[in-house]
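Chains as they are written, first to last, in UniProt numbering: chain A, 1 to 292; chain B, 1 to 292. Here the structure is laid out as structure tokens; the discussion comes afterwards.
Protein chains: 2
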Amino acid sequence: MHSTTLAEIELGAPRAAMSLPHRAAGRLATQGARAAAEAPIAWHAQLPESTPNAARAAERNDCEHCSSRKFCMPEGFDTKKAGAQNGVFGNTRKVKQGEAIFRAGEPFKNLYVAKVGSCKTVAIDNDGREQIIGFPIAGEFIGLDGIGTGVHAFDAVALEDGVVCALPFNALTEMSEHDFSLRSHLHKLMSRELVRESALLMLMGRMTALERLVSFLLNISKRYAQRGYSSHDFNLRMTRDEIGCHLGLTLETVSRSLSKLSSLGLVKCAGKQVSIIDMAGLEEVSGHYIPH
Amino acid sequence: MHSTTLAEIELGAPRAAMSLPHRAAGRLATQGARAAAEAPIAWHAQLPESTPNAARAAERNDCEHCSSRKFCMPEGFDTKKAGAQNGVFGNTRKVKQGEAIFRAGEPFKNLYVAKVGSCKTVAIDNDGREQIIGFPIAGEFIGLDGIGTGVHAFDAVALEDGVVCALPFNALTEMSEHDFSLRSHLHKLMSRELVRESALLMLMGRMTALERLVSFLLNISKRYAQRGYSSHDFNLRMTRDEIGCHLGLTLETVSRSLSKLSSLGLVKCAGKQVSIIDMAGLEEVSGHYIPH
DNA sequence: CGGAGCATTGATGCCGATCAAGTCTCGTGG
DNA sequence: CCACGAGACTTGATCGGCATCAATGCTCCG
Numbered sequence: 001m002h003s004t005t006l007a008e009i010e011l012g013a014p015r016a017a018m019s020l021p022h023r024a025a026g027r028l029a030t031q032g033a034r035a036a037a038e039a040p041i042a043w044h045a046q047l048p049e050s051t052p053n054a055a056r057a058a059e060r061n062d063c064e065h066c067s068s069r070k071f072c073m074p075e076g077f078d079t080k081k082a083g084a085q086n087g088v089f090g091n092t093r094k095v096k097q098g099e100a101i102f103r104a105g106e107p108f109k110n111l112y113v114a115k116v117g118s119c120k121t122v123a124i125d126n127d128g129r130e131q132i133i134g135f136p137i138a139g140e141f142i143g144l145d146g147i148g149t150g151v152h153a154f155d156a157v158a159l160e161d162g163v164v165c166a167l168p169f170n171a172l173t174e175m176s177e178h179d180f181s182l183r184s185h186l187h188k189l190m191s192r193e194l195v196r197e198s199a200l201l202m203l204m205g206r207m208t209a210l211e212r213l214v215s216f217l218l219n220i221s222k223r224y225a226q227r228g229y230s231s232h233d234f235n236l237r238m239t240r241d242e243i244g245c246h247l248g249l250t251l252e253t254v255s256r257s258l259s260k261l262s263s264l265g266l267v268k269c270a271g272k273q274v275s276i277i278d279m280a281g282l283e284e285v286s287g288h289y290i291p292h
Numbered sequence: 001m002h003s004t005t006l007a008e009i010e011l012g013a014p015r016a017a018m019s020l021p022h023r024a025a026g027r028l029a030t031q032g033a034r035a036a037a038e039a040p041i042a043w044h045a046q047l048p049e050s051t052p053n054a055a056r057a058a059e060r061n062d063c064e065h066c067s068s069r070k071f072c073m074p075e076g077f078d079t080k081k082a083g084a085q086n087g088v089f090g091n092t093r094k095v096k097q098g099e100a101i102f103r104a105g106e107p108f109k110n111l112y113v114a115k116v117g118s119c120k121t122v123a124i125d126n127d128g129r130e131q132i133i134g135f136p137i138a139g140e141f142i143g144l145d146g147i148g149t150g151v152h153a154f155d156a157v158a159l160e161d162g163v164v165c166a167l168p169f170n171a172l173t174e175m176s177e178h179d180f181s182l183r184s185h186l187h188k189l190m191s192r193e194l195v196r197e198s199a200l201l202m203l204m205g206r207m208t209a210l211e212r213l214v215s216f217l218l219n220i221s222k223r224y225a226q227r228g229y230s231s232h233d234f235n236l237r238m239t240r241d242e243i244g245c246h247l248g249l250t251l252e253t254v255s256r257s258l259s260k261l262s263s264l265g266l267v268k269c270a271g272k273q274v275s276i277i278d279m280a281g282l283e284e285v286s287g288h289y290i291p292h
């Protein structure tokens with residue numbers, strides 16, 4: 001038995017016992033994976049193919065009112081016109097907390113853009129060790145890892161109930177043939193992701209635990225600000241364990257570092273709720289995690 | 001007697017020692033940067049636009065005989081025809097050891113493909129800390145980091161005298177308009193680079209010093225093998241310091257780890273010359289650094 | 001109200017950084 | 001050709017930051 005994923009939905013049917021490579025996780029992900037495995041909803045009911053037109057229309061979201069619009073496609077891009085005939089745009093899907101959008105090893109079909117909510121992308125090595133590559137939030141792309149090989153290299157798992165928008169990649173490439181801005185947009189997306197990861201490499205290779213955590217918080221803060229949310233008060237959607245798994249630390253160290261930042265008067269922090277008290281002070285601590 | 005290097009193989013014969021700019025590398029970072037900062041050559045002076053035709057012809061290399069050909073462009077791509085009018089292909093440039101191909105902050109114009117030799121790509125944070133992102137060798141792309149912002153995010157510095165091929169990116173994008181395979185090729189390149197970096201993240205976040213070094217060696221070995229060189233005997237072109245800077249370790253730890261691998265009988269190692277004795281044994285040690 | 005997952009905090013130990021000394025290599029100039 | 005010196009490398013000794021082990025508290029939800 002395995003969890004239903006969006007990719008399967010996309011394909012129309014869950015493959016029979018797709019040989020799940022051993023995922024003898026360390027501490028982390030087994031939990032999340034399990035939760036997802038037990039996600040109750042039969043997604044197939046919502047497949048475009050199997051959904052009555054009315055319902056489909058309801059699902060299909062109008063790009064013009066999408067809060068991710070300005071992050072998703074190039075400025076001035078007319079999704080209505082461009083996607084009119086082939087239905088490239090507006091294919092939204094709900095995801096529940098813990099559910100996979102796709103899993104490593106699955107064939108790559110779509111890019112996804114987070115519309116509502118957030119998720120984590122997770123690389124898993126042969127020994128079952130996990131590394132969280134990123135925590136995409138609204139407007140950010142998910143699934144670029146699959147383009148190179150045609151198979152996803154990461155898992156993408158929702159951190160909370162949310163909505164993603166599926167963009168069939170082939171259609172997108174095709175569409176980009178006559179649209180310079182779209183071609184360029186795709187290149188830029190990927191390149192920026194490359195630079196983001198390199199900043200993470202810097203963080204992992206050369207920073208202390210405290211610096212890493214501060215960089216992480218500043219990065220979140222900045223991305224929230226870009227989306228019109230408070231840059232000072234926010235809610236971490238991920239656990240300490242997941243933060244650690246992202247930053248190359250243990251959950252205990254993450255917790256201790258947060259406590260330390262509190263005691264330094266730089267942040268206030270109650271569970272997942274974080275308030276930045278002294279932004280400048282934080283920036284002083286960190287070597288700067290160059291963000292999106 | 002030393003082992004044949006990639007550069008020599010490519011050129012058919014060891015060149016007479018060209019005056020080597022000294023590459024002072026103390027604790028790597030600033031030193032290397034400074035040395036290179038004073039590198040005399042202005043690369044942009046050698047762009048096709050500003051180069052006399054005769055010199056250009058001499059510089060221009062025939063793609064058909066380029067050993068990087070199969071890595072560089074999609075299979076079956078006709079560079080002669082495609083690039084005939086606009087001179088996109090064959091713009092080779094020599095680089096000396098320690099010289100920068102480009103530097104962070106410079107405007108992004110070209111992608112580069114290493115033809116002969118190898119280099120390092122280096123990210124530098126606000127505090128001057130360095131992180132080596134990769135060691136591209138023949139056939140690998142350099143400069144993808146600049147696409148997103150139009151400005152290079154990394155330094156790229158030659159590890160040895162060599163040759164790179166400059167591909168004007170705008171021309172490439174333009175050319176990709178009517179060439180699906182080229183468009184797809186570019187996407188795949190970047191995506192694969194993304195996955196490569198994520199494997200590095202895994203390495204940095206979750207592996208011990210020994211595992212990191214083994215992963216590194218296996219990665220090199222594999223890439224050499226892909227190029228038809230020995231996967232068992234090779235010459236590291238970078239210093240221990242640079243290896244450490246890539247793997248998030250100190251040079252001492254790199255040295256000790258190498259010694260340990262020697263004493264375990266897995267490799268033999270004299271200075272930069274490395275021989276893998278027990279490939280399977282190495283693979284057992286590592287959590288696998290998923291490579292190119 | 002109970003339980004499961006999440007978080008905090010403390011005690012201890014180890015890996016790798018840091019400091020230090022000495023060797024080797026190789027390019028340069030006497 | 002040899003001597004010199006700077007950079008590269010190795011190896012040892014010590015230290016410290018973070019992982020690990022462990023116990024307890026908190027929070028949310030059924």
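Cβ coordinates follow ideal geometry from the N, Cα and C atoms, glycine included.
For chain B, the residues of the region 131 to 164 of chain A that bring a beta carbon within less than 8 angstroms of one of its beta carbons are Gln131, Ile133, Leu144, Asp145, Gly146, Ile147, Gly148, Thr149, Ala153 and Phe154, in chain order.
Contacts with chain B at 9 angstroms (Cβ-Cβ) do not include Met238/A. Runs of alpha helix (DSSP H) with 4 or more residues, each lying fully within the region 77 to 125 of chain A, are found at 79 to 82, listed in chain order. A residue is called buried when at least 16 other Cβ atoms come within 10 angstroms of its Cβ; Val151/A does not meet this threshold and is exposed. Given a length threshold of 3 residues, each whole run of the beta strand (DSSP E) inside the UniProt domain "HTH crp-type" (207 to 280) of chain A is given here in chain order: 233 to 235, 267 to 270 and 273 to 276.
Beta-bridge partners of Cys165/A (DSSP): Thr92/A and Val113/A.
In summary, the residues of the region 184 to 203 of chain A whose CB is separated from some CB of chain B by less than 8 angstroms are Ser184, Leu186, His187, Lys188, Leu189, Met190, Ser191, Arg192, Glu193, Leu194, Val195, Glu197, Ser198, Ala199, Leu200, Leu201 and Met202, in the order they occur in the chain. For Arg129/A, the residues of chain B that pass the 9 angstroms Cβ criterion are Met202, Gly205, Arg206, Met207 and Gly287, in the order they occur in the chain. Around the Cβ of Ala166/A, a 10 Å sphere holds 16 or more other Cβ atoms; the residue is buried. With the criterion set as a beta carbon lying under 7 angstroms from some beta carbon of chain A, the members of the UniProt domain "HTH crp-type" (207 to 280) of chain B are Gly248, in sequence order. Looking at the DSSP output, Ala156/B sits in a beta bridge with Phe102/B and Thr121/B.
Taking 8 angstroms as the upper bound for CB-CB distance, Leu249/A and Arg212/A are in contact here, some 7 angstroms apart. For Phe135/B, the secondary structure class from DSSP, reduced to helix, strand or coil, is coil.
Judged by pairs of C-beta atoms under 8 angstroms, the region 86 to 100 of chain A does not touch the region 133 to 143 of chain A, as fewer than three such pairs exist.
Between the region 205 to 224 of chain B and the region 124 to 132 of chain B, the count of Cβ pairs shorter than 8 angstroms is below three; the stretches do not touch.
Here Thr121/B is buried. Its C-beta has 16 or more other C-beta atoms within 10 Å. By the criterion of at least three beta-carbon pairs nearer than 8 angstroms, the region 103 to 111 of chain B is in contact with the region 159 to 177 of chain B. In this structure, DSSP gives Glu75/B a state outside helix and strand, which the three-state scheme calls coil. Counting C-beta pairs with one atom in each stretch, the region 265 to 285 of chain A and the region 233 to 245 of chain A have three or more that are closer than 8 angstroms, which means they touch. The Cβ atoms of Gly117/B and Val163/B sit closer than 9 angstroms to each other.
With its beta carbon at least 9 angstroms from every one in chain B, Phe77/A lies outside the interface.
In this structure, Leu200/A places its C-beta atom within 9 angstroms of the C-beta atom of Leu201/B.
Neighbours of Glu284/A across chain B, judged by C-beta separation under 7 angstroms, do not exist; the nearest C-beta is about 11 angstroms away. By the CB criterion at 9 angstroms, Ser176/B and Leu189/B fall outside the cutoff.
Using a Cβ-Cβ cut-off of 8 angstroms, Ser176/A is close to Arg183 of chain B, given in chain order. What Ala166/B touches in chain A, judged by beta-carbon distance under 9 angstroms, is nothing: the nearest beta carbon there is about 18 angstroms away. If you compare the alpha carbons of Met204/A, Ile137/A, Thr239/A and Thr208/A with that of Ala225/A, the shortest gap goes to Ile137/A.
Within chain B, not a single residue places a beta-carbon under 8 angstroms from that of Ala114/A; the smallest gap is close to 17 angstroms. Interface annotation, Thr173/B: in contact with chain A, CB-CB separation under 9 angstroms.
Excluding five sequence positions before and after Ala156/A, the CB atoms of its chain that fall closer than 6 angstroms to its own CB belong to Ile101, Phe102, Cys119, Thr121 and Ile142, given in chain order.
At a C-beta separation below 9 angstroms, Ala123/A has these neighbours in chain B: Val195, Ser198, Ala199, Leu201, Met202 and Ile290. Using a CB distance cut-off of 9 angstroms, Phe180/B counts as an interface residue toward chain A.
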